[in-house]
Amino acid sequence: MSTAMSTMMSTAMSEPLVDMRDVTVRFGGARPVHAVNGIDLRLNAGETLSILGESGSGKSVTLKTLLRILPEQRTAIGGTIRIAGVDVTALSGRALADHRGGVVSMIFQDPMLALDPVYTIGEQIAETVVRHEGVSRAEGMARALEMLTRVRIPSPERRLKSYPHEMSGGMRQRAMIALALVCRPKLLLADEPTTALDATVQIQILLLLRELQREFGMGMIFVTHDIGVAVEISDRVAVMYAGQFVETGAVRDIIRDPKHPYTRGLLAANLHGAHKGARLDAIPGAPPALDALPDGCPFAPRCPIAEAQCSEGLPPARVFGPQRQVRCLKA
Amino acid sequence: MSAAASIAAMAAIEKSPGYWSGVLTRLRRDPVAMVALAVVLALILMAIFAPWVAPNDPYRSSMIRRLRPIGTPGFPLGTDELGRDMLSRLIYGARLSLLMGVMPVIIAFFVGSAIGITAGFVGGRVNTVLMRTIDVFFAFPSVLLAIALSGALGAGIFNGLLSLTVVFIPPIARIAESVTTGVRKIEYVEAARASGASGFTIVRVHVLGNVIGPIFVYATSLISVSLILASGLSFLGLGVKPPEPEWGLMLNTLRNAIYVQPWVAALPGVMIFITSVSFNLLSDGLRSAMDLKA
Amino acid sequence: MSAAQGMSAAPGGSLAAGPLLSVHGLTKHFPIRSGLLGRGSVVVRAVDGISFDVTEGETLGIVGESGCGKSTTARLLVDLITPDSGEIRLANRRLGADMTVRDLRRDVQMVFQDSYASLNPRLTMEDAIAFGPMINGMAERQATNLAHDLLSRVGLEPRRFAGRYPHELSGGQRQRVNIARALAFSPKVVILDEAVSALDKSVEAQVLNLLSDLKSELGLTYIFISHDLNVVRYMSDRVMVMYLGEVAEIGPVDSLYSNPAHPYTRALLAAMPSMDPDRRTEEAPLSGDPPNPINPPSGCRFHTRCAHAAPVCSSAIPNLSRLRAERHLAGCHMLVPGSGHPEAAAEARP
Chain A
666 MSTAMSTMMS TAMSEPLVDM RDVTVRFGGA RPVHAVNGID LRLNAGETLS
716 ILGESGSGKS VTLKTLLRIL PEQRTAIGGT IRIAGVDVTA LSGRALADHR
766 GGVVSMIFQD PMLALDPVYT IGEQIAETVV RHEGVSRAEG MARALEMLTR
816 VRIPSPERRL KSYPHEMSGG MRQRAMIALA LVCRPKLLLA DEPTTALDAT
866 VQIQILLLLR ELQREFGMGM IFVTHDIGVA VEISDRVAVM YAGQFVETGA
916 VRDIIRDPKH PYTRGLLAAN LHGAHKGARL DAIPGAPPAL DALPDGCPFA
966 PRCPIAEAQC SEGLPPARVF GPQRQVRCLK A
Chain B
15 MSAAASIAAM AAIEKSPGYW SGVLTRLRRD PVAMVALAVV LALILMAIFA
65 PWVAPNDPYR SSMIRRLRPI GTPGFPLGTD ELGRDMLSRL IYGARLSLLM
115 GVMPVIIAFF VGSAIGITAG FVGGRVNTVL MRTIDVFFAF PSVLLAIALS
165 GALGAGIFNG LLSLTVVFIP PIARIAESVT TGVRKIEYVE AARASGASGF
215 TIVRVHVLGN VIGPIFVYAT SLISVSLILA SGLSFLGLGV KPPEPEWGLM
265 LNTLRNAIYV QPWVAALPGV MIFITSVSFN LLSDGLRSAM DLKA
Chain C
2 MSAAQGMSAA PGGSLAAGPL LSVHGLTKHF PIRSGLLGRG SVVVRAVDGI
52 SFDVTEGETL GIVGESGCGK STTARLLVDL ITPDSGEIRL ANRRLGADMT
102 VRDLRRDVQM VFQDSYASLN PRLTMEDAIA FGPMINGMAE RQATNLAHDL
152 LSRVGLEPRR FAGRYPHELS GGQRQRVNIA RALAFSPKVV ILDEAVSALD
202 KSVEAQVLNL LSDLKSELGL TYIFISHDLN VVRYMSDRVM VMYLGEVAEI
252 GPVDSLYSNP AHPYTRALLA AMPSMDPDRR TEEAPLSGDP PNPINPPSGC
302 RFHTRCAHAA PVCSSAIPNL SRLRAERHLA GCHMLVPGSG HPEAAAEARP
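Residue numbers (our numbering), protein chains in the order written: chain A, 666 to 996; chain B, 15 to 308; chain C, 2 to 351.
See the structure below:
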């Protein structure tokens with residue numbers, strides 16, 4: 666269905682940094698969970714894409730698929746995923762270890778869980794450099810110090826010897842960014858890294874990520890549920906619902922002219938500029954269970970403009986301009 | 015709303031299966047736990063109906079047929095050092111052994127839970143006093159404490175039961191305290207306080223139901239320990255006195271026969287082993303069945 | 002049935018002159034155990050002498066970052082935590098003098114952030130809601146009927162939901178049950194402590210609509226605590242900004258959002274994502290994290306992060322001073338002519 670789109674994209678640019686085609690992720694079990702259902706995504710070096718969605722939309726699973734950190738036994742990945750020209754689904758052993766943390770790196774919502782509590786920040790960063798680049802420990806520590814300075818942690822020499830619990834939330838998040846970027850990955854995956862932070866700290870981290878991304882020229886995929894954050898950080902947005910990209914496009918276009926009814930609902934629910942006392946245009950109901958997806962458009966049961974044909978089959982991705990796709994019959 | 019209408023409305027309400035019926039359903043799907051449960055039930059039935067099940071009188075000795083091997087006609091599991099039927103003694107032995115294994119844990123479950131839940135829910139100084147007292151008992155290894163207590167109290171079934179109960183109160187109180195302290199901080203308890211409920215009501219409605227499960231699971235895991243300790247006491251001559259059949263005591267009196275009839279001498283040990291493993295597996299199954307996945 | 006109770010409560014409250022809920026000098030310090038023996042001198046100054054009023058029928062929003070004391074304030078208001086000092090008045094009755102904690106809790110109810118932890122996993126939804134009325138003397142049949150009434154009032158069909166357990170419901174449905182439980186007492190004031198923060202955006206909007214409906218139907222007064230400034234702006238009539246256990250600024254929502262007087266309020270507003278791809282935020286309004294409330298800075302607690310800090314800020318504690326708009330107050334030396342702050346004169350009122 667998206668062949669026209671993908672041939673157009675591949676002729677337009679030589680080789681994107683990330684190239685996902687018709688990717689599906691299923692979790693096995695008594696009732697298989699269809700977490701990701703046929704997503705296509707192209708990302709160039711130096712570009713930032715936000716995946717915007719609510720809990721259970723499959724946005725975090727998409728990131729974990731790219732990093733190949735889903736449990737192998739009970740996960741079935743379909744479609745093709747290429748990062749920097751390498752087929753990610755075929756990686757194993759040493760090559761997979763190099764892929765994780767070397768080519769692709771990830772930052773998480775809760776740095777307390779991502780950082781090891783029994784090692785100092787310096788040791789953890791140095792260890793990563795030693796493992797991926799085979800340099801000496803002293804060299805690793807020097808690189809760690811350089812990175813801590815880079816992410817603007819105050820008195821980095823002292824913080825090199827700090828344990829994660831000795832740092833404040835914002836500082837821990839900076840330390841995790843330093844850890845993720847120390848090996849200069851080509852792609853940074855960010856899974857709601859600012860959600861748990863206070864507002865005044867969140868904006869600092871967003872600005873830092875924006876700056877480092879520009880400086881390192883890496884691609885970034887940023888998962889968030891907050892449209893405001895997506896606007897601050899990204900060039901493009903993919904709105905995810907029930908494991909599909911229901912709308913993709915440049916931030917500007919999505920904000921000013923949302924075409925999918927779900928995107929419109931999300932924008933209204935953000936309450937930016939909502940008139941006090943006016944009733945909110947809330948999307949009714951709840952997202953479908955991923956082990957029992959409807960045949961048609963997954964949003965149809967909640968959609969204010971749905972018609973009979975919406976429930977008959979999955980709406981195709983309709984192209985509206987070079988980077989704009991909407992999966993809605995009525996867009 | 016009239017009573018009839020409200021009853022009609024109540025009748026139409028979709029009831030979800032309760033928590034415990036869910037636990038039972040999950041337990042029933044666990045083959046290992048079900049086998050363990052079957053063994054435990056069989057042992058209990060065997061103990062209750064010993065007079066009907068046992069082929070011979072367990073007390074009747076005979077100097078001429080001492081230490082017969084397994085498979086002797088009329089004595090399928092052989093005879094002991096006084097010529098008594100091993101099978102009958104093992105069957106009768108289940109009575110005292112299970113009593114000594116289960117009773118202390120049941121009593122300690124109630125006493126320990128009461129202490130632990132009180133300490134955990136009231137907190138503050140009450141917690142400090144209760145739990146530090148418990149800690150004093152905890153300082154002794156359980157085997158040593160049981161031996162010391164029943165040694166001081168003198169041999170006998172009652173004293174054995176009493177000393178084992180004292181041994182098991184501290185660990186159960188500990189678990190009860192930590193689970194209760196955890197539950198006390200959860201917001202539904204705060205919400206209940208905000209609705210003006212008294213401490214006793216909160217414990218009854220909101221705390222008990224949520225802490226009793228984990229405490230119960232832990233207590234069931236102590237049954238096997240209690241069985242072994244009880245047998246140990248009897249083995250040392252501090253629990254059951256001869257000629258009563260009890261597995262631990264039988265193990266003791268048969269130990270001189272180990273070179274003559276090793277298989278017969280090992281039988282009480284096999285019973286202790288099977289019983290304690292079954293209780294442990296049942297406890298494990300119960301724990302996973304009670305694990306509520308949100 | 003509950004509607005009738007709610008309605009009858011409303012006119013009773015409005016007879017009393019003055020604010021419905023009034024808080025004066027409320028303080029709570031949590032001692033931290035230090036060393037083996039007893040308590041040391043280290044305390045967390047969670048709430049430090051705050052005062053505010055809530056008028057009947059209005060919504061007071063409370064915003065602030067972690068450690069600012071907004072959740073402690075909520076718990077103090079329903080006496081889940083006993084204050085060290087300060088007084089709480091409800092309809093002119095003072096807690097501890099002419100009002101018992103039991104009276105207070107009947108009139109002031111609370112909805113917590115974590116919808117799952119707020120519900121006993123072993124109780125069905127009807128039992129969870131009926132629990133409060135029953136322990137306060139209502140007969141079981143009557144309490145169950147009330148629970149069913151309340152369930153349908155919060156948009157959950159009693160036939161489908163009354164017999165369910167918490168883990169069978171979605172987050173939004175559970176939060177509706179928590180709201181229903183709070184309403185079972187026909188309270189005058191409902192405190193919503195981050196009650197919609199854990200919900201997905203689309204579900205959050207549904208619950209906000211429900212809260213607005215309930216407020217107008219039952220004549221409720223809300224204290225709406227959130228870290229989301231958009232939501233607070235949408236829901237509140239007045240907003241209180243807290244910083245490290247103190248009130249930095251309090252005022253009518255429009256005045257506070259369009260003319261923030263305290264540098265901290267301005268920073269909070271500037272830290273909101275811009276929502277305009279052509280005008281993204283280029284500079285963070287503040288650096289670093291909020292300081293620890295264990296040892297708050299001297300003088301004005303914000304001076305360590307404030308771009309306008311002057312020597313006077315670290316030595317003198319600023320009082321809340323009145324601003325041009327009615328009921329708009331802020332605690333900053335720059336707003337007080339002659340306070341010794343170099344920028345004070347420039348900001349002085351004409």
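A virtual CB, placed ideally from N, CA and C, is assigned to each residue, including glycine.
Three-state secondary structure assigned by DSSP to residue i
i: P32 of chain C; result: strand
i: N702 of chain A; result: strand
i: T859 of chain A; result: coil
i: A741 of chain A; result: strand
i: A349 of chain C; result: With a pLDDT of 46 at A349 of chain C, under the threshold of 50, the predicted position of this residue should be treated as unreliable, and no value is reported.
i: G172 of chain C; result: helix
i: I226 of chain B; result: helix
i: P253 of chain C; result: strand
i: I870 of chain A; result: helix
i: V24 of chain C; result: strand
i: L324 of chain C; result: coil
i: T73 of chain C; result: helix
i: L717 of chain A; result: strand
i: T282 of chain C; result: coil
CB contact below 8 Å: residue i versus chain C
i: S35 of chain B; result: no
i: L224 of chain B; result: Residue identity check: residue 224 of chain B is Asn in the sequence provided, not Leu. True, the Cβ-Cβ gap to chain C drops below 8 Å.
i: V894 of chain A; result: yes
i: R80 of chain B; result: no
i: A122 of chain B; result: no
i: I27 of chain B; result: yes
i: A303 of chain B; result: no
i: S30 of chain B; result: yes
i: V274 of chain B; result: no
i: V795 of chain A; result: no
Below-8 Å beta-carbon distance, residue i vs any chain B residue
i: Y166 of chain C; result: yes
i: Q174 of chain C; result: no
i: A118 of chain C; result: yes
i: R354 of chain C; result: Nothing in the structure corresponds to residue 354 of chain C, since chain C is present only between 2 and 351.
i: E344 of chain C; result: no
i: E327 of chain C; result: no
i: R182 of chain C; result: yes
C-beta neighbour in chain A for residue i, strict 8 Å
i: R123 of chain C; result: no
i: V79 of chain C; result: no
i: A285 of chain C; result: yes
i: P291 of chain C; result: yes
Self-check item: Inter-stretch contact at 8 Å, needing at least 3 Cβ pairs: the segment 20–29 of chain C / the segment 43–53 of chain C
Solution: yes
Practice problem: Counting only runs of 3+ residues fully inside the segment 77–120 of chain C, write out the beta strand (DSSP E) ranges in chain order. | Solution: 86–91, 109–112
Practice problem: With 8 Å as the C-beta to C-beta threshold (strictly closer), list the residues of the segment 88–117 of chain C near chain A in chain order. | Solution: none
Quiz item: For the segment 190–220 of chain C, which residues have a beta carbon sitting closer than 7 Å to at least one beta carbon of chain A?
Solution: D201, K202, S203, V204, E205, A206, Q207, L209, N210
Quiz item: Taking a cut of 9 Å between CB atoms, which residues from the segment 833–866 of chain A lie near chain C?
Solution: S833, G834, G835, M836, L862, D863, A864, T865, V866
Self-check item: Complete alpha helix (DSSP H) runs within the segment 876–928 of chain A (minimum length 4 residues, chain order)
Solution: 892–898, 916–921
Quiz item: Looking at C-beta atoms only, is the number of pairs between the segment 823–840 of chain A and the segment 765–776 of chain A that lie closer than 8 Å three or more?
Solution: yes
Quiz prompt | Continuous alpha helix (DSSP H) assignments of at least 4 residues falling wholly in the segment 20–105 of chain B | solution = 33–42, 45–62, 64–67
Quiz item: Fully enclosed by the segment 130–172 of chain B, which beta strand (DSSP E) runs are 3 residues long or longer?
Solution: none
Practice problem: Check distances from the C-beta atoms of the segment 143–160 of chain C to those of chain B and list, in chain order, the residues that come in under 8 Å. | Solution: T145, N146, H149, P159, R160
Practice problem: Kindly confirm or deny that the segment 962–973 of chain A and the segment 749–758 of chain A touch, where touching means at least three C-beta pairs closer than 8 Å. | Solution: no
Practice problem: May I ask you to list, following chain order, the residues of the segment 194–215 of chain B that have a beta carbon less than 9 Å from some beta carbon of chain C? | Solution: I200, E201, Y202, V203, E204, A205, A206, R207, A208, S209, G210, A211, S212, T215
Exercise. Give a yes or no on contact between the segment 101–108 of chain B and the segment 54–62 of chain B, applying the rule of three or more CB pairs nearer than 8 Å.
Key: yes
Quiz item: When Cβ atoms are compared, which residues of the segment 740–774 of chain A fall closer than 8 Å to chain C?
Solution: none
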